[in-house]
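For reference, the structure is listed below as structure tokens.
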Amino acid sequence: MRITCKEASRLISEGLDRDLGLVERTKLRLHLAICVACTRLTRQLDFLRRAAREYPGPEEEPKR
Amino acid sequence: MATPARKAIDPLELERYRPQLVKFAMLQLRDAAAAEDAAQEALVAAIQSAGSFAGQSSVKTWLIGILKHKIIDAMRRRSREQPLAIADDETSVDDLQALLFTQNGHFQDQPADWGDPDAALTQRRFFEALEGCLADLPKNTARAFTMREVMGLDTGEICKELGITPSNCWVLLYRARMALRECLEQRWFGGKAAAKP
Numbered sequence: 000m001r002i003t004c005k006e007a008s009r010l011i012s013e014g015l016d017r018d019l020g021l022v023e024r025t026k027l028r029l030h031l032a033i034c035v036a037c038t039r040l041t042r043q044l045d046f047l048r049r050a051a052r053e054y055p056g057p058e059e060e061p062k063r
Numbered sequence: 000m001a002t003p004a005r006k007a008i009d010p011l012e013l014e015r016y017r018p019q020l021v022k023f024a025m026l027q028l029r030d031a032a033a034a035e036d037a038a039q040e041a042l043v044a045a046i047q048s049a050g051s052f053a054g055q056s057s058v059k060t061w062l063i064g065i066l067k068h069k070i071i072d073a074m075r076r077r078s079r080e081q082p083l084a085i086a087d088d089e090t091s092v093d094d095l096q097a098l099l100f101t102q103n104g105h106f107q108d109q110p111a112d113w114g115d116p117d118a119a120l121t122q123r124r125f126f127e128a129l130e131g132c133l134a135d136l137p138k139n140t141a142r143a144f145t146m147r148e149v150m151g152l153d154t155g156e157i158c159k160e161l162g163i164t165p166s167n168c169w170v171l172l173y174r175a176r177m178a179l180r181e182c183l184e185q186r187w188f189g190g191k192a193a194a195k196p
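Residue numbers (numbering that gives the first Met the number 0), protein chains in the order written: chain A, 0 to 63; chain B, 0 to 196.
This is how it looks when you write it as structure tokens:
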């Protein structure tokens, strides 16, 4: 059930686009429990999604 | 003239948003003429339906909502006319992973701690950095990302528009996210940038 960061990173990304299977979810959860780098990656990709949804962001209102 | 809208919106007022709409459309369409057309169509639609503006969101948010539909229309027209040629290297995963990971699957460079990244969402310059990072991506990689994350389409729709398989679509998105993550880490979250007010 052990996966590397390389494999985990793909599952983290694909989990944003499709439902992961039970085995995939379990492998990922076990990996995240012991991996700081992939936990950060998960948060960063979640943030990237929030940022994209906010695009174009707080631009100044047009000048009058 | 039609009866006055509940909350009158001055067409001249809307016109002021045109440059922002063009910029938003450009991010997705990557074609100046198509972006200007989409912005124009959105402004026309907005003026025609000004009465439906509920005033609950900002005018800009409302306009962008209309613009998204126009962009999707433009993409559909375009994919009918000329299906995209996706470069093979955009849908391969081995070359990217060879750069990012060691042979035994560890990160070459571990992702840094971004602290509280959401503070960036209130800063205009952050979104400029994000735009710059998107512009550096290969065209279809960037397009897949903006379709998925900016426009909020699901991967089924993206596959259809880009004419690729779901697994290629997931790879494009994976490539985009890993590249954007790294780019933002360097240009925004790295070093002093994160400490900016």
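No residue lacks a Cβ here, since even glycine has one placed at the ideal position from N, Cα and C.
Identity of the residues DSSP links to residue i by a beta bridge
i, result
"Phe106 (chain B)", "B:Phe100"
Cα-Cα separation between residue i and residue j, rounded to whole angstroms
i, j, result
"Arg49 (chain A)", "Ala118 (chain B)", "12 Å"
"Gln185 (chain B)", "Leu40 (chain A)", "15 Å"
"Trp169 (chain B)", "Val58 (chain B)", "34 Å"
"Arg42 (chain A)", "Asp30 (chain B)", "33 Å"
"Gly14 (chain A)", "Thr38 (chain A)", "14 Å"
"Gly54 (chain B)", "Glu12 (chain B)", "14 Å"
"Arg79 (chain B)", "Met150 (chain B)", "20 Å"
"Ile70 (chain B)", "Val21 (chain B)", "11 Å"
"Leu136 (chain B)", "Ala175 (chain B)", "7 Å"
"Glu53 (chain A)", "Ile33 (chain A)", "32 Å"
"Leu120 (chain B)", "Leu28 (chain B)", "24 Å"
"Arg28 (chain A)", "Thr101 (chain B)", "22 Å"
"Thr60 (chain B)", "Gly104 (chain B)", "42 Å"
"Thr25 (chain A)", "Val35 (chain A)", "17 Å"
"Leu31 (chain A)", "Val22 (chain A)", "14 Å"
Proximal residues of chain C, C-beta to C-beta of residue i below 9 Å
i, result
"Gly104 (chain B)", "Structure shown: chain C not included; protein chains present are A and B."
Best match in the options for proximity to residue i [C-alpha to C-alpha]
i, options, result
"Thr90 (chain B)", "B:Ala97, B:Ser166, B:Gln19", "B:Ser166"
"Asp72 (chain B)", "B:Arg174, B:Phe188, B:Gly114, B:Glu156", "B:Glu156"
"Ala86 (chain B)", "B:Leu161, B:Met177, B:Cys182", "B:Leu161"
"Lys138 (chain B)", "B:Leu171, B:Leu120, B:Phe125", "B:Leu171"
"Arg76 (chain B)", "B:Ala175, B:Lys159, B:Tyr173", "B:Lys159"
"Phe188 (chain B)", "B:Trp113, B:Arg15, B:Ile8", "B:Trp113"
Cβ distance (whole Å) where residue i is taken to contact residue j below 8 Å
i, j, result
"Leu44 (chain A)", "Ile11 (chain A)", "6 Å"
"Ala24 (chain B)", "Ala32 (chain B)", "Actually they do not touch by this definition, with Cβ atoms about 11 Å apart."
"Leu183 (chain B)", "Ala128 (chain B)", "7 Å"
"Ile46 (chain B)", "Pro10 (chain B)", "5 Å"
"Asp16 (chain A)", "Arg142 (chain B)", "Going by Cβ atoms, the distance from Asp16 (chain A) to Arg142 (chain B) rounds to 15 Å, so no, they are not a contact pair."
"Asp126 (chain B)", "Gly56 (chain A)", "For the record, residue 126 (chain B) in the displayed sequence is Phe; it is not Asp. Rounded, the Cβ-Cβ distance is 3 Å, consistent with contact."
Count the C-beta pairs between the segment 33-45 of chain B and the segment 56-67 of chain B that are closer than 8 Å, then say yes if the count reaches three, no if not. yes
I'd like to know if the segment 102-120 of chain B and the segment 4-23 of chain A are in contact, where contact means that at least 3 CB-CB pairs between them fall below 8 Å. yes
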